[in-house]
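Protein chains: 2
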Amino acid sequence: MELHEAIKKITPPDAEFEQKAARRLDEQARPDGSLGMLEDNARRLAGIAKTLDVHLAHKVIVTCAGDHGVVAEGVSLFPQEVTAQMVYSFVDGGASINVLARHAGAEVRAADLGVSHDFEKELQIFHKKIDKGTGNIRREPAMTRDQAVLAVEAGISMVEELAAGQRVDMLGTGDMGIGNTTPSAAMLAAFSGMDPSKLAGRGTGLDDAALVHKIRVIKDALALHQPDPNDPVDVLAKVGGFEIGGLAGLVIGASACGIPVVCDGLIATAGALIACELAPAAKSYLFTSHNSVEAGHRFMIDRLGIAPLLDLKLRLGEGTGAALAMEILDAATRVLAEIRTFEEVRIRNARQE
Amino acid sequence: MELHEAIKKITPPDAEFEQKAARRLDEQARPDGSLGMLEDNARRLAGIAKTLDVHLAHKVIVTCAGDHGVVAEGVSLFPQEVTAQMVYSFVDGGASINVLARHAGAEVRAADLGVSHDFEKELQIFHKKIDKGTGNIRREPAMTRDQAVLAVEAGISMVEELAAGQRVDMLGTGDMGIGNTTPSAAMLAAFSGMDPSKLAGRGTGLDDAALVHKIRVIKDALALHQPDPNDPVDVLAKVGGFEIGGLAGLVIGASACGIPVVCDGLIATAGALIACELAPAAKSYLFTSHNSVEAGHRFMIDRLGIAPLLDLKLRLGEGTGAALAMEILDAATRVLAEIRTFEEVRIRNARQE
Chain A
2 MELHEAIKKI
12 TPPDAEFEQK
22 AARRLDEQAR
32 PDGSLGMLED
42 NARRLAGIAK
52 TLDVHLAHKV
62 IVTCAGDHGV
72 VAEGVSLFPQ
82 EVTAQMVYSF
92 VDGGASINVL
102 ARHAGAEVRA
112 ADLGVSHDFE
122 KELQIFHKKI
132 DKGTGNIRRE
142 PAMTRDQAVL
152 AVEAGISMVE
162 ELAAGQRVDM
172 LGTGDMGIGN
182 TTPSAAMLAA
192 FSGMDPSKLA
202 GRGTGLDDAA
212 LVHKIRVIKD
222 ALALHQPDPN
232 DPVDVLAKVG
242 GFEIGGLAGL
252 VIGASACGIP
262 VVCDGLIATA
272 GALIACELAP
282 AAKSYLFTSH
292 NSVEAGHRFM
302 IDRLGIAPLL
312 DLKLRLGEGT
322 GAALAMEILD
332 AATRVLAEIR
342 TFEEVRIRNA
352 RQE
Chain B
2 MELHEAIKKI
12 TPPDAEFEQK
22 AARRLDEQAR
32 PDGSLGMLED
42 NARRLAGIAK
52 TLDVHLAHKV
62 IVTCAGDHGV
72 VAEGVSLFPQ
82 EVTAQMVYSF
92 VDGGASINVL
102 ARHAGAEVRA
112 ADLGVSHDFE
122 KELQIFHKKI
132 DKGTGNIRRE
142 PAMTRDQAVL
152 AVEAGISMVE
162 ELAAGQRVDM
172 LGTGDMGIGN
182 TTPSAAMLAA
192 FSGMDPSKLA
202 GRGTGLDDAA
212 LVHKIRVIKD
222 ALALHQPDPN
232 DPVDVLAKVG
242 GFEIGGLAGL
252 VIGASACGIP
262 VVCDGLIATA
272 GALIACELAP
282 AAKSYLFTSH
292 NSVEAGHRFM
302 IDRLGIAPLL
312 DLKLRLGEGT
322 GAALAMEILD
332 AATRVLAEIR
342 TFEEVRIRNA
352 RQE
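Residue numbers (the working numbering), protein chains in the order written: chain A, 2 to 354; chain B, 2 to 354.
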């Protein structure tokens, strides 16, 4: 599905089921509003699924991987090869996301959007490589405008392929890409006009001097490219990343297919932000999982206006926060469906007497 | 087990397993500390269970119920009868805690510590009634000093009975008692010396005028009884509640039996605070589940020094927050046990080549 087609396909969730859900939550035998964020989320999920008995039985987390030319500037502690190694690890099942997805009852699917490595064709991943790593954004654009659109469309196509082959009740998005907190912070600075020093974080563990350097690199990239904050594809092309485009496409694709989608931390939220700038209607399908300790994350959450469920000081990525949030969202569906209303309690008691 | 005996029985968790856990977490193939609070909690659970492969297979939430004479002052929106009705609901399985416990794979056990109702002997609850409701703390002490000790010992005995009959890998504590945010706030004011107006919250949904009245009631009770902040049993007896004593006993009992225990929101945390004032060693076994929106809760958490896992704007009680936190703690055990170390990845790769 082409990008503009997918955007057009997004329809609002069912307002009637949202209202029915709100009514049922209010009528349950407990103080009004006492289950806080579980209630808001349950109501939203009911509107999306068009039922008060939502079952998130088939959950899939897609972890999008890509490499970044900007690592040449020394913005990450880990070597670029780790991106490809981690993709193998996701397939092998022993990485952090595999462990947390298993706990949440979710399947993990890795995706190559732009890793600087040739994966074997037989490897069980989404093969969606746009190019082998982006350009070094301090010297050149990350990618062309066409590539940016292709990356987003690759994300959309993954949702279509998943939904064609199996039932998908909820999608999670996660990232893997050595160096990718740098483009994420650059994109956020472009959108918000905020100073990169307030948005850049320590990524996998930079010290003070390295953080100052990372901020310098982001400032140089923004000064060089002058990305247009009113043109999300321009921002993605000039200072983004292939996996970030893919992550945006996952949110748009899920929204177009009517599937609720929960994004992980900094990078996945950057992708979700691109998605919602391109397609504001996608916000109705989007859930945010956690407050990352990465500095810029809070600002993205505020811009999206969707409150995260967790605050566990995570800064791993891969979709780990999304996996944990899926468990809470799953619990929220049970709250709506299973807690008895005062009326149900009354009828039940009358029958037993 | 008598209170002083139980306190003496609490031994520190295994420091060696805590260190082994910390080492394994650091050696896992991911950035140091990137799983935030999951890591701290996994390490603590390893020390308690004396293994790196902790399984929280058998989880039990004990919901302690009691009534409060202070409801005569109009501090709650709900009539006192609701306490007993909710106990029947817990047994029947359709209350909020049943739904969330089921989702977390935990069993719910209701306990009568002081409900103003005669339950049938056959009813499947812990029958630990100290008295039928406390005294109205604005006019008289909540209970005698002997009753306060009995309430705590009732909590200890429930853990003993549970642990004798089945394996218990983790205990959760929850409360039910119309009017019980008033004694909880009073206890906290007594311990902290803080002004009740900063500690009292809206409970099940008081309006502004009712909140002002509730604060007045708490101030009157404190002025009348002058509870001694250095004597937790005095505080419990003068301005506490039977179920709050039971909740304290659950924490002490679990600690004495070497079982990790996670407390719910305001009331259960008040119980946990009493427990840790009586037996500071119990802190090593205690986990806090969530930041309640009730005003005084944050101060108790700070006093305990144990960071809650969740912040979902819950204010229900019953153990609902504890149930949700159990899912996160369960995930933490999987993080420690299952995410591969760099060395394990290397060995595995060498074998596959």
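We treat Cβ as the ideally placed atom computed from N, Cα and C, and that holds for glycine. Please read all numbers here as calculations on a predicted model, not as lab measurements.
Thr289/A sits buried, since 16 or more C-beta atoms from the chains shown fall within 10 Å of its C-beta. The beta carbon of Ala191/B sits closer than 7 angstroms to the beta carbons of Leu223, Pro228, Pro230, Val236 and Val240 from its chain, once the five residues preceding and following it are set aside; these are given in chain order. Per DSSP, Ile62/B is one residue of the beta strand (DSSP E) stretching across Lys60 to Gly67. Taking a Cβ-Cβ cut-off of 8 angstroms, Leu267/B has no neighbours in chain A, whose nearest Cβ is about 12 angstroms from it. Remark: C-beta atoms of Gly175/A and Ala96/A do not approach each other more closely than 7 angstroms. Distances from the alpha-carbon of Ser293/A to those of Phe18/B, Gly37/B and Glu17/B put Gly37/B closest. Between Ala211/A and Val252/A, the gap from beta carbon to beta carbon reaches 7 angstroms or more. Measuring C-alpha to C-alpha distances from Val218/A to each of Gly67/A, Leu4/A and Glu74/A identifies Glu74/A as the nearest. The beta carbons of Gly178/A and Gly67/A sit about 5 angstroms from each other, so the pair counts as a contact at 8 angstroms. Lys130/B and Glu161/B have their C-alpha atoms roughly 17 angstroms apart. In the DSSP assignment, Phe343/A falls within the unbroken alpha helix (DSSP H) covering Phe343 to Gln353. Ala152/B: member of the alpha helix (DSSP H) spanning Arg146 to Gly166, first to last residue.
Taking a Cβ-Cβ threshold of 7 angstroms, the residues of chain B close to Arg31/A are Ser97 and Leu317, in chain order.
Proximity of chain A to Met177/B at the Cβ level (cut-off 8 angstroms) is not reached, the minimal Cβ distance being about 11 angstroms. Only Thr205 and Gly206 from the region 195 to 214 of chain B bring a Cβ to less than 7 angstroms from some Cβ of chain A. Just so you know, the alpha carbons of Pro142/A and Gly134/A end up roughly 12 angstroms apart. Along the region 283 to 307 of chain A, going in chain order, the ones with a CB nearer than 8 angstroms to a CB of chain B are Val294.
The Cβ neighbour count for Phe343/B, taken over all protein chains shown within 10 Å, is under 16; the residue is labelled exposed. In the displayed model, Cys258/B falls within coil according to three-state DSSP, outside both helix and strand. Under the Cβ distance rule, Met38/A counts among the residues neighbouring chain B, one pair being separated by less than 7 angstroms. Interface criterion not met: the Cβ of Asp54/B is under 7 angstroms from no Cβ in chain A. Per DSSP, the unbroken alpha helix (DSSP H) holding Leu337/B starts and ends at Thr321 to Glu339.
Contact between Ala186/A and Leu207/A fails: their C-beta atoms lie close to 12 angstroms from each other, not under 8 angstroms.
Taking one beta carbon from each stretch, the region 13 to 33 of chain A and the region 49 to 57 of chain A have 3 or more pairs nearer than 8 angstroms; the two touch.
Close partners of His104/B in chain A (Cβ separation under 8 angstroms): Asp331, Ala332 and Arg335. When the beta-carbon positions are compared, Ala152/A and Phe243/A come within less than 7 angstroms of each other. Taking 7 angstroms as the cut-off, the Cβ atoms of Val234/B and Ala30/B do not count as close. For Pro32/A and Met171/B, the gap between their C-alpha atoms comes out near 28 angstroms.
Secondary structure of Gln86/B (DSSP, three-state): helix.
Under the Cβ criterion of 7 angstroms, Glu28/A is not counted among the residues facing chain B. With respect to chain A, the C-beta atom of Asp312/B has a partner C-beta closer than 7 angstroms.
For Met195/A, the secondary structure class from DSSP, reduced to helix, strand or coil, is coil. Using a Cβ distance threshold of 7 angstroms, Ala255/A and Val262/A count as a contacting pair. Residues of chain A whose Cβ lies closer than 8 angstroms to the Cβ of Leu101/B are, in chain order, Ala332, Arg335 and Val336. By the CB criterion at 7 angstroms, Ile245/A and Met2/A fall outside the cutoff. By alpha-carbon distance to Asp331/B, the top candidate from Gly173/B, Asn99/B, Phe120/B and Glu121/B is Gly173/B.
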